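Trainee: Structure incoming, see below.
Protein chains: 2
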Amino acid sequence: MNNYPYPIKIRAVWWDESSKEVCCVNTKKLPFEEEIICSKEPGRVAKAIIDMEIRGAPAIGVAAALAVASYAYKISNLNREEFFREIENAVNILWNTRPTAHNLFWALKRMKRIIHDSIEKRLDVKEVSVKLEEEAIKIMDEDIWSNIRLGEYGAQLVPDNATILTHCNAGALATAAFGTAEGVMRVAWYKGKKIKVIATETRPVLQGARLTVWELVKEGIPVTLITDNMVGYVMRKGLVDLVIVGADRITKEGYVINKIGTYMIALSAKRNNTPFYVAAPTSTIDLESSINDVVIEERNPDEVRRVMDRYITLPEVPALNYAFDITDPDLVTAIITEKGIVKPPFDENLKKLLS
Amino acid sequence: MNNYPYPIKIRAVWWDESSKEVCCVNTKKLPFEEEIICSKEPGRVAKAIIDMEIRGAPAIGVAAALAVASYAYKISNLNREEFFREIENAVNILWNTRPTAHNLFWALKRMKRIIHDSIEKRLDVKEVSVKLEEEAIKIMDEDIWSNIRLGEYGAQLVPDNATILTHCNAGALATAAFGTAEGVMRVAWYKGKKIKVIATETRPVLQGARLTVWELVKEGIPVTLITDNMVGYVMRKGLVDLVIVGADRITKEGYVINKIGTYMIALSAKRNNTPFYVAAPTSTIDLESSINDVVIEERNPDEVRRVMDRYITLPEVPALNYAFDITDPDLVTAIITEKGIVKPPFDENLKKLLS
Numbered sequence: 084m085n086n087y088p089y090p091i092k093i094r095a096v097w098w099d100e101s102s103k104e105v106c107c108v109n110t111k112k113l114p115f116e117e118e119i120i121c122s123k124e125p126g127r128v129a130k131a132i133i134d135m136e137i138r139g140a141p142a143i144g145v146a147a148a149l150a151v152a153s154y155a156y157k158i159s160n161l162n163r164e165e166f167f168r169e170i171e172n173a174v175n176i177l178w179n180t181r182p183t184a185h186n187l188f189w190a191l192k193r194m195k196r197i198i199h200d201s202i203e204k205r206l207d208v209k210e211v212s213v214k215l216e217e218e219a220i221k222i223m224d225e226d227i228w229s230n231i232r233l234g235e236y237g238a239q240l241v242p243d244n245a246t247i248l249t250h251c252n253a254g255a256l257a258t259a260a261f262g263t264a265e266g267v268m269r270v271a272w273y274k275g276k277k278i279k280v281i282a283t284e285t286r287p288v289l290q291g292a293r294l295t296v297w298e299l300v301k302e303g304i305p306v307t308l309i310t311d312n313m314v315g316y317v318m319r320k321g322l323v324d325l326v327i328v329g330a331d332r333i334t335k336e337g338y339v340i341n342k343i344g345t346y347m348i349a350l351s352a353k354r355n356n357t358p359f360y361v362a363a364p365t366s367t368i369d370l371e372s373s374i375n376d377v378v379i380e381e382r383n384p385d386e387v388r389r390v391m392d393r394y395i396t397l398p399e400v401p402a403l404n405y406a407f408d409i410t411d412p413d414l415v416t417a418i419i420t421e422k423g424i425v426k427p428p429f430d431e432n433l434k435k436l437l438s
Numbered sequence: 084m085n086n087y088p089y090p091i092k093i094r095a096v097w098w099d100e101s102s103k104e105v106c107c108v109n110t111k112k113l114p115f116e117e118e119i120i121c122s123k124e125p126g127r128v129a130k131a132i133i134d135m136e137i138r139g140a141p142a143i144g145v146a147a148a149l150a151v152a153s154y155a156y157k158i159s160n161l162n163r164e165e166f167f168r169e170i171e172n173a174v175n176i177l178w179n180t181r182p183t184a185h186n187l188f189w190a191l192k193r194m195k196r197i198i199h200d201s202i203e204k205r206l207d208v209k210e211v212s213v214k215l216e217e218e219a220i221k222i223m224d225e226d227i228w229s230n231i232r233l234g235e236y237g238a239q240l241v242p243d244n245a246t247i248l249t250h251c252n253a254g255a256l257a258t259a260a261f262g263t264a265e266g267v268m269r270v271a272w273y274k275g276k277k278i279k280v281i282a283t284e285t286r287p288v289l290q291g292a293r294l295t296v297w298e299l300v301k302e303g304i305p306v307t308l309i310t311d312n313m314v315g316y317v318m319r320k321g322l323v324d325l326v327i328v329g330a331d332r333i334t335k336e337g338y339v340i341n342k343i344g345t346y347m348i349a350l351s352a353k354r355n356n357t358p359f360y361v362a363a364p365t366s367t368i369d370l371e372s373s374i375n376d377v378v379i380e381e382r383n384p385d386e387v388r389r390v391m392d393r394y395i396t397l398p399e400v401p402a403l404n405y406a407f408d409i410t411d412p413d414l415v416t417a418i419i420t421e422k423g424i425v426k427p428p429f430d431e432n433l434k435k436l437l438s
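Protein chains in written order, with my numbering: chain W, 84 to 438; chain V, 84 to 438.
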């Protein structure tokens, strides 16, 4: 299963086999410090997700699944009744961390299915723990392989010598490994295409400046940093050949919910006839809910009033802090998944892809 | 001349009558420190403009004109030949500080005209100094009155209870006093309209977070801060009734050159049917050059790699730092000037306005 066709230089979230713990890179401290957090406590993993030590829709899903498995081992000395009560409580804690990314709910639903099957089949606690570990590792491995496969589909859309603009971090650090938007860049790069990347800094939490820059420098792919508000002008100047971003959720109609700022990039791309691609595994696609059901997370306004813990404005001024925005289907050129490239009309073609 | 119809609470640049010096608020230190700089040295004022201690197209023009006058007094002990050589040198130093804002060249051209007239009329050095002082003060006073008048025109476009989105700082701190975009807000406010303002932080130098927030809090106008990349989403959510921004130059065709990010705001406004107004005195309008003649200033990439002097990314990563961008005429609803409101077609109507 792990015989990957490309180097895997960065892992954001993984399973420590010996200690049965979920481990992750603390992305909040990058690029200045490479801290690793390992835990068996769903509360600690939930905190890591809420505080964005672990972030990126697929990474959140994988971390939550692994956290359930890890906790199962930790409490496997309990009796069945206590065990299942505790494990369902753990699922709930993780479920309520962040409201927007679909992968979190998708991964936890898979873990819940194992729990319910185990209850029905009257498996003992040790057996359930093994099953939960298997499922969580499967979710993690599937994520890596999805990224590799969507990277291969997406790389076909990348011309040689292209400059790709990306937003936030849809990289190895947003997934178990390899990345979605960055997965496409990696495959193009390893296939010998001389790409360059323009990364937006991505305020307020600066995932572009801190994570995408760090990750691409580590990979050896040339990267140039801009502020979020420069996207329109660099496109207008003809410096961008295509845009690739990730997604936190894609609705059945083809609306793309992604990091705040994505919508304005899509508008700039439309105006300048620049292709705008969304790279996301099918675990991001939510065929059940429509755009009106999506909750856009509002985070602490201090993230806006501060940069890396220092105030940039009067500390008492009100601020808005929407973490995500909505990009309309008509602004999206194509959605790149591990099952193939989806073109408009998205409402029809997403359904076909997943059926 | 100074019997203003509204309170003038903030002055960015002024003439100190007793010392014959140009004085300004050091906007780089706001909102954390209110430092005042006074000088007779064109080199010092040029440095203040280059380093953005003085910034905003009208403020730069006024400061440069006052700097020429101040220097004239300083060197009025020189003989005529030396005096004129020195004063023309001073004009050149100020001319070469920043390439994009039109008001700088407009103001310095007026000062040059006084110099040339004085040479022709064989005025003595003392007389020239007085003439230069008169002209510089006239430029400053005209700027304040232009802002008040354009504020009055613009306020007619602002509905009661409106939420106005603005970018960067086109306020008192970008002009001699009162502001352009903020001039419109001030008149609307003093006429009793219950407006609210959404201010973008305006990376990389954060004029929105640092200056617009400070200025509006001081004025008592409610203000909410957002990151630059939130504009599209807040418009989409219906939180914005109109946009008002300033301009560093408006070409004869109606292209608006303003702080980087303006173009993406205009695209978001177009998409969401939100009126997009540009408030600028006619000294900003450049009927001589076309869009192809405009130089977009590129500044030190460290402004992008850092926030308030601290690195937010790997210090060695390349970065682009365009200070301005270009907004096409079709994205602009109207241009608000002290001579009236200009509507499309701008190429025709700007010419009419200035004839």
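Each residue gets a CB set at the ideal place from its N, CA and C atoms; glycine is no exception. On a predicted model such as this, the values are computed, not experimentally measured, just so you know.
Counting only Cβ pairs nearer than 8 Å, list the residues of chain V close to W:R382.
Mentor: The premise fails here: W:R382 is roughly 11 Å from chain V at the closest Cβ pair, so nothing lies under 8 Å.
Trainee: Against chain V, with Cβ distances strictly below 8 Å, would W:L248 count as a contact?
Mentor: So no, W:L248 is outside the interface.
Trainee: When you compare only the Cα positions, how much space is there between W:E136 and V:V151?
Mentor: The alpha-carbon atoms of W:E136 and V:V151 are separated by roughly 54 Å.
Trainee: What do you get for W:P114, buried or exposed, if any count of 16 or more other CB atoms within 10 angstroms of its CB means buried?
Mentor: It counts as buried.
Trainee: Taking CB distances under 8 Å as the criterion, tell me whether W:S351 reaches chain V.
Mentor: Answer yes: the Cβ-Cβ gap between W:S351 and chain V drops below 8 Å somewhere.
Trainee: How about the region 344-358 of chain V and the region 305-325 of chain W: do they share at least three Cβ pairs that are nearer than 8 Å?
Mentor: Segments in contact, yes.
Trainee: Cβ closer than 7 Å: which chain W residues qualify as neighbours of V:Y405?
Mentor: Per Cβ cutoff of 7 Å: M313, Y316.
Trainee: Let me check one thing: in DSSP terms, what residues is W:D200 bridge-paired to?
Mentor: Partner(s): none; W:D200 has no beta bridge.
Trainee: Looking at the strands, I want to know which residues DSSP matches up with V:K103.
Mentor: DSSP, once it has assigned bridges, lists no residue as partnering V:K103.
Trainee: Along chain W, which residues have their Cβ under 8 Å away from the Cβ of V:L289?
Mentor: I395, T396, listed in chain order.
Trainee: DSSP puts W:T283 in a beta bridge; with which residues?
Mentor: According to DSSP, W:T283 bridges with W:I309.
Trainee: What number of angstroms, rounded off, separates the C-alpha of W:I424 from the C-alpha of W:I120?
Mentor: For W:I424 and W:I120, the distance between alpha carbons rounds to 35 Å.
Trainee: Helix, strand or coil: how does DSSP classify V:F359 here?
Mentor: Looking at V:F359 - three-state DSSP - the assignment turns out to be strand.
Trainee: At a Cβ threshold of 8 Å, is W:A184 touching chain V?
Mentor: Judged by the 8 Å Cβ criterion, W:A184 is not in contact with chain V.
Trainee: Let me see if you follow: with CB-CB separation under 8 Å, is V:A260 close to chain W or not?
Mentor: Not closer than 8 Å to any Cβ of chain W, the Cβ of V:A260 fails to qualify, so no.
Trainee: Alpha carbon to alpha carbon, how far is V:E216 from V:K435? Give it in angstroms, no decimals.
Mentor: Between V:K435 and V:E216, the C-alpha separation is close to 31 Å.
Trainee: V:P114 versus chain W: which residues are under 8 Å apart at the beta carbon?
Mentor: Under the 8 Å cutoff, chain W gives T396, L397.
Trainee: Determine the direct distance from the alpha carbon of W:K276 to that of V:D430, and round the result to whole angstroms.
Mentor: Roughly 45 Å between the two C-alpha positions.
Trainee: Exposed or buried, which one is V:D408 when buried takes at least 16 other CB atoms within 10 Å?
Mentor: Counting Cβ neighbours within 10 Å, V:D408 comes out buried, since at least 16 surround it.
Trainee: Kindly indicate if chain W contains any beta-carbon less than 8 Å away from that of V:W297.
Mentor: Answer yes: the Cβ-Cβ gap between V:W297 and chain W drops below 8 Å somewhere.
Trainee: Assign W:I419 to buried or exposed, taking buried as 16 or more other Cβ atoms, counted over all protein chains shown, within 10 Å of its Cβ.
Mentor: Answer is buried; the Cβ neighbour count reaches 16.
Trainee: May I have the straight-line CA-CA distance separating W:Y360 from V:V400, to the nearest angstrom?
Mentor: Whole-angstrom Cα-Cα distance: 25 Å.
Trainee: If I follow the unbroken beta strand (DSSP E) through V:T249, where does it start and stop?
Mentor: First-last of the beta strand (DSSP E) with V:T249: 246-249.
Trainee: Once you ignore the five residues that flank W:I202 on each side, which residues in its own chain have a CB closer than 8 Å to its CB?
Mentor: Excluding sequence neighbours, W:I202 sits near F167.
Trainee: Would V:T307 count as contacting chain W if we go by Cβ distances under 8 Å?
Mentor: Closer than 8 Å to some Cβ of chain W, the Cβ of V:T307 qualifies, so yes.
Trainee: Are V:T295 and V:N341 touching if we call contact CB-CB under 8 Å?
Mentor: No, Cβ-Cβ distance for V:T295 and V:N341 is not below 8 Å.
Trainee: Alpha carbon to alpha carbon, how far is V:D385 from V:K422? Give it in angstroms, no decimals.
Mentor: The alpha-carbon atoms of V:K422 and V:D385 are separated by roughly 40 Å.
Trainee: Based on the DSSP output, what are the partners of W:L325 in its beta bridges?
Mentor: BP columns for W:L325 point to W:I247.
Trainee: Using a Cβ cut-off of 8 Å (strictly closer), state whether W:Y338 contacts chain V.
Mentor: W:Y338 does not count as touching chain V.
Trainee: Where do the N-terminal and C-terminal ends of the beta strand (DSSP E) with W:S122 fall, by residue?
Mentor: Here the beta strand (DSSP E) through W:S122 covers 119-122.
Trainee: Just to confirm the assignment, what range does the beta strand (DSSP E) spanning W:T345 have?
Mentor: Per DSSP, W:T345 belongs to no beta strand (DSSP E); it is in the alpha helix (DSSP H), 345-354.
Trainee: Hey, which unbroken runs of the beta strand (DSSP E) at 3 residues or more fall wholly within the region 364-414 of chain W?
Mentor: For the region 364-414 of chain W, whole beta strand (DSSP E) runs of length 3 or above, ordered along the chain, are 407-410.
Trainee: Under 7 Å Cβ to Cβ from W:M155, same chain only, skipping five residues before and after it: list those, please.
Mentor: For clarity, residue 155 of chain W is Ala in the given sequence; the question names Met instead. Closer than 7 Å at Cβ, skipping near neighbours: I170, V211, S212, L215.
Trainee: Locate the beta strand (DSSP E) running through W:N341, then write down its first and last residues.
Mentor: Here the beta strand (DSSP E) through W:N341 covers 339-342.
Trainee: Listing by chain order, which chain V residues have their CB less than 9 Å from the CB of W:P401?
Mentor: Those within 9 Å of W:P401 in chain V are P305, V306, T307, L308.
Trainee: Taking the beta strand (DSSP E) that W:I419 belongs to, which residues open and close that run?
Mentor: Unbroken beta strand (DSSP E) run through W:I419: 417-420.
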